[in-house]
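Chemist: By numbering that gives the first Met the number 0, the letter at position 117 of the sequence shown is numbered 116, and the numbering carries on one by one without gaps. Handing you this structure, nothing more for now.
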Amino acid sequence: MAASQEFVIDFVARGETPGQWRLVLVEEGPWQDMTLALTRLQDRLYNCVEAILDGQIATQFPDSLGAPIVIQVDCYDAPEAEVGAFFTAFSQGIFEIPDYKAALESCRYASAIGFSINFGTPNEET
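Structure, rendered in structure tokens:
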């Protein structure tokens, strides 16, 4: 896994089921450069996975130790088809990479890592 590096998780919340935690990343559009935006999202996703596997999240949020964690991406005004396809490929493929698969299997910091994505538009104030 990569060495510790600084990255942004927009917020951390308890999940929908008891004991579950959610790391929420907010991605806002419109996206002018699709390649750049998807690369940024990919980096953020890898950083979250590595922070879970390396114990950084458990250190900052001790109650999350050994819990299932969901990395959730909330997209606003982002191109749903392109981002959705990218996200599906990432979430289905990351633990097929031998190093990540082995790290998850031996991880004591989280019992599972899942992924979720939501699309919408920002609420407009009236």
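From the three backbone atoms N, C-alpha and C, an ideal C-beta is built for every residue, glycine too.
#1: Anyone know if the C-beta pair for Pro67 and Ser105 falls short of 8 Å?
#2: Which of the three DSSP states is assigned to Phe118 in this structure?
#3: Which residue's Cα is closest to the Cα of Phe114: Phe6, Gly28, Ile70?
#4: How would you label Val82, buried or exposed, when you count the other beta carbons within 10 angstroms and need 16 or more for buried?
#5: Within 10 angstroms of its Cβ, does Ala36 collect 16 or more other Cβ (buried), or is it exposed?
#6: Return the chain-ordered ranges of every alpha helix (DSSP H) run that is complete within the region 2–77 and spans a minimum of 4 residues.
#7: Measure the C-alpha to C-alpha separation of Thr58 and Leu52 and round it to an integer number of angstroms.
#8: Could you tell me whether the Cβ atoms of Ile112 and Leu103 are closer together than 8 Å?
#9: For Tyr99, report the span of its alpha helix (DSSP H) as first-last.
#10: From Glu79 to Ala88, what distance separates their C-alpha atoms?
#11: Given a cut-off of 8 Å on the beta-carbon distance, is the pair Val72 and Ile116 in contact?
#12: Tell me, to the nearest whole angstrom, how far the beta carbon of Val48 is from that of Tyr99; I am working on the premise that it is less than 8 Å.
Modeler: Based on what the coordinates show:
#1: For Pro67 and Ser105, no; Cβs fall outside 8 Å.
#2: Here Phe118 sits in strand by DSSP.
#3: When only C-alpha atoms are compared, the closest one is Ile70.
#4: In summary, Val82 is buried, with 16 or more beta-carbon neighbours lying within 10 Å of its beta-carbon over all protein chains present.
#5: Under a 10 Å Cβ-count criterion, Ala36 is classified as buried, with 16 or more other Cβ atoms of the shown protein chains found around its own Cβ.
#6: For the region 2–77, whole alpha helix (DSSP H) runs of length 4 or above, ordered along the chain, are 33–52, 55–59.
#7: Looking at the backbone, the Cα of Thr58 and that of Leu52 are separated by about 11 Å.
#8: A contact, by the Cβ cut-off of 8 Å.
#9: According to the DSSP assignment, Tyr99 belongs to the alpha helix (DSSP H) that extends over 97–104.
#10: If you take the alpha carbons of Glu79 and Ala88, they lie about 14 Å apart.
#11: The answer is yes: Cβ separation under 8 Å.
#12: 7 Å between Cβ atoms; contact.
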